[in-house]
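Novice: Structure below; questions to follow.
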Amino acid sequence: MKRILYIITLIAITQLSKAQSNVFPDIGNVGVGTTGPQSKLHVQSNLQSNTASRGYSAATFQGNDGILTIGQLLGLGSDNYGMWLQSQSSSETVHPYFPLTLQPIGGNTIINPSTGNVVIGTTTVNNLGRFQVNGGAYFNSDIRLLTGVNTADVSYGVGKELSEGNSAFFGWRYNSGNPYAFITTYGETTPLTLMPDAEGKVGIGTSSPFTKFHSYGSLFTVGNESTYSALFSNNSNKGVVIGYDTTNDIGHIGSINPSVKWTDLALNVNGGNVGIGATSPSQKLTVDTRQISANSGVPANVGTNQNGIMRLQVDGNSWGEILDFGMNVLPSYAWLQATNRGNLGINYSLSLNPNGGNVGIGTTTPDSKLAVNGTIHSKEVKVDMTGWSDFVFKKEYNLPTLEEVEKHIAEKGHLENIPSEEEVLRYGINLGEMNAKLLQKIEELTLYVIEMKKEITTLKENKK
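Numbering (mature numbering (1 follows the signal peptide of the UniProt record, and there is no 0)), first residue to last: -19 to -1, 1 to 445.
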């Protein structure tokens, strides 16, 4: 009897204990693990839902305007199974897509809403994209944004919008087989463009660079006092440099290698002087090696084959005084000409070093060391001679008789050994040679006079 009473008491205590934890009224709230439920269903401890086979949903919460479904895809050994969470309107089909899926095997988290955006950190949706984060984001690996995969035109980018019309973007673009990266601002049509293709082009201010580096607009580079600001090289540290020496206040353009100082061209020093090969030019243009060469020139005259290599010209008036230096090909000679804009068609003023060293003034075909086509005005002319006419006074000299002289004049019309008028007009005269011949005739004439003096003296003595 006591044993039966003990069992009845134990059953009563158990039922009383359960009655204190669970509440199942006909109306009102239902509590599991609590006697004071605060909602239609209030579970004080863990909630577990099991399905006997593969299923979609373990718990569904439905209100007047929508449904929240929490579930699990059952399966083993595949990333296609995991926990999922979905909210939708009451009129939508509950399952075929899972907007939020947690996959424990592969570690993937999938957010897949059929419409609308994913928003983190704010309740305000700006509709600028499917994914919106209000706040910072940290990525410990690569971030990949793709649109239009496998199409002819793909573009995507990352940026920050400070305000409308004040934004910055970094992005990539694939346009008909031409991929490139770009950095730009809102509304900017000339971005910084990087071409990560085989050519590796970089463009600043242009989206279509046609060289390795293409800058559309001004370029500012900074070096230091002992180096250059820009080096243009062919796979070495030798090349063409551009820089500015702030210590000496000199701009430089020149070539460089590790053992040669790059002072080929110095610009704008000492009040505007320019030095080529000189760092301290004393004149407007100073060439350190005293050499200037030119491969081609400009025509200095009209209607001639003159080719001016260098021209010094005075501007500021309608005539413009000009000094031309040049070289002719056929015939070969150098020339120097002083003229002006109004007389560019005149002949060359000075021809230098043609025909093995001949010089022509007023002529392009000098036939002697100095040929002058015009008048020479000089205080003194010195001629080097190889002989002189004093041989007339030597005893062995055969002085022609006056009868012989008279006969030659009658036959030739000029003195012996003196060119005729026709020869002089045709060939000119040799100044040194002609002076010697004239002196010869003067000396011969002197001998004639002396001889006549002797004859006159003899006649006077005979009359006495």
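Cβ coordinates follow ideal geometry from the N, Cα and C atoms, glycine included.
Which residues does DSSP pair with S196 in a beta bridge?
Specialist: Note: S196 sits in a beta bridge opposite I185.
Novice: Would you mind working out which of K219, T227 and N354 sits nearest G235, comparing C-alpha positions?
Specialist: When each option's Cα is compared against that of G235, the closest is K219.
Novice: When the Cα atoms are used, what is the spatial distance from N339 to F194?
Specialist: Cα to Cα, N339 sits roughly 54 Å from F194.
Novice: Under the DSSP definition of a beta bridge, which residues are partnered with residue 463?
Specialist: This structure cannot speak to residue 463, because the chain is shown only from -19 to 445.
Novice: So does the stretch 416 to 428 actually touch the stretch 367 to 376, counting three or more Cβ pairs closer than 8 Å?
Specialist: Taking 8 Å as the limit for Cβ pairs, the verdict is that the stretch 367 to 376 does touch the stretch 416 to 428.
Novice: Taking just the CA atoms, how far does L412 sit from V362?
Specialist: Roughly 10 Å between the two C-alpha positions.
Novice: Which complete beta strand (DSSP E) runs does the stretch 338 to 424 hold, if anything under 3 residues is left out?
Specialist: Taking only runs of at least 3 residues, the beta strand (DSSP E) segments lying wholly in the stretch 338 to 424 are 340 to 342 and 351 to 353.
Novice: Ordered along the chain, which non-local residues of its own chain (more than five positions away) have a Cβ less than 6 Å from that of H389?
Specialist: Here the set comprises E397.
Novice: Can you tell me the Cβ-Cβ gap for G343 and G355, rounded? I've got them flagged as a contact below 8 Å.
Specialist: So it is a contact: roughly 5 Å between Cβ atoms.
Novice: Enumerate in chain order the residues of its own chain whose CB-to-CB distance from S359 is below 7 Å, with the five nearest sequence positions on each side excluded.
Specialist: Around S359: no qualifying Cβ.
Novice: With DSSP as the reference, please indicate the residues paired to E436 in a beta bridge.
Specialist: In the DSSP output, where bridge partners are listed per residue, E436 has none listed.
Novice: If we call anything under 8 Å between Cβ atoms a contact, is N108 one with N115?
Specialist: For N108 and N115, no; Cβs fall outside 8 Å.
Novice: If I measure Cβ to Cβ from T439 and keep anything under 7 Å in the same chain, skipping five residues before and after, which residues do I get?
Specialist: Counting only Cβ-Cβ distances below 7 Å, and skipping sequence neighbours, we find nothing.
Novice: Does DSSP put L109 in a helix, a strand or coil?
Specialist: It is coil, neither helix nor strand.
Novice: For T267, which three-state DSSP category applies?
Specialist: Residue state, collapsed to three classes: strand.
Novice: Rounding to the nearest angstrom, what Cα-Cα distance links E404 and G258 in this structure?
Specialist: Near 56 Å, if we compare the C-alpha coordinates of G258 and E404.
Novice: For P400, which option in E414, H23 and E387 has the closest C-alpha, if you only look at C-alpha atoms?
Specialist: Of the candidates E414, H23 and E387, the one whose C-alpha sits nearest the C-alpha of P400 is E414.
Novice: For Q113, which residues from the same chain have a beta carbon less than 8 Å from its beta carbon, with the 5 sequence-adjacent residues on both sides left out?
Specialist: Answer for Q113: N98, V99, V100, I101, T103, V106 and N107, listed in chain order.
Novice: Based on the DSSP output, what are the partners of I231 in its beta bridges?
Specialist: Its beta-bridge partners are D226.
Novice: For Q19, does the count of other Cβ atoms within 10 angstroms reach 16, so buried, or fall short, so exposed?
Specialist: So Q19 ends up on the exposed side.
Novice: Alpha carbon to alpha carbon, how far is D305 from L317?
Specialist: Near 6 Å, if we compare the C-alpha coordinates of L317 and D305.
Novice: By the 10 Å Cβ neighbour count, where 16 or more other Cβ atoms means buried, how is V430 classified, buried or exposed?
Specialist: Exposed, since its Cβ has fewer than 16 Cβ neighbours within 10 Å.
Novice: DSSP beta-bridge partners for N443?
Specialist: For N443, which the question treats as bridged, DSSP gives no partner whatsoever.
Novice: What are the boundary residues of the beta strand (DSSP E) that includes N254?
Specialist: Element bounds for N254: N254 to I257.
Novice: Do you know how far the Cα of P190 is from the Cα of K265?
Specialist: Going from the Cα of K265 to the Cα of P190 covers about 39 Å.
Novice: In whole angstroms, what separates the C-alpha of G256 from that of G307?
Specialist: One C-alpha to the other measures close to 23 Å.
Novice: From S226 to G186, what does the alpha carbon distance come to, in whole angstroms?
Specialist: Note that residue 226 is Asp in the sequence shown, not Ser. Between D226 and G186, the C-alpha separation is close to 29 Å.
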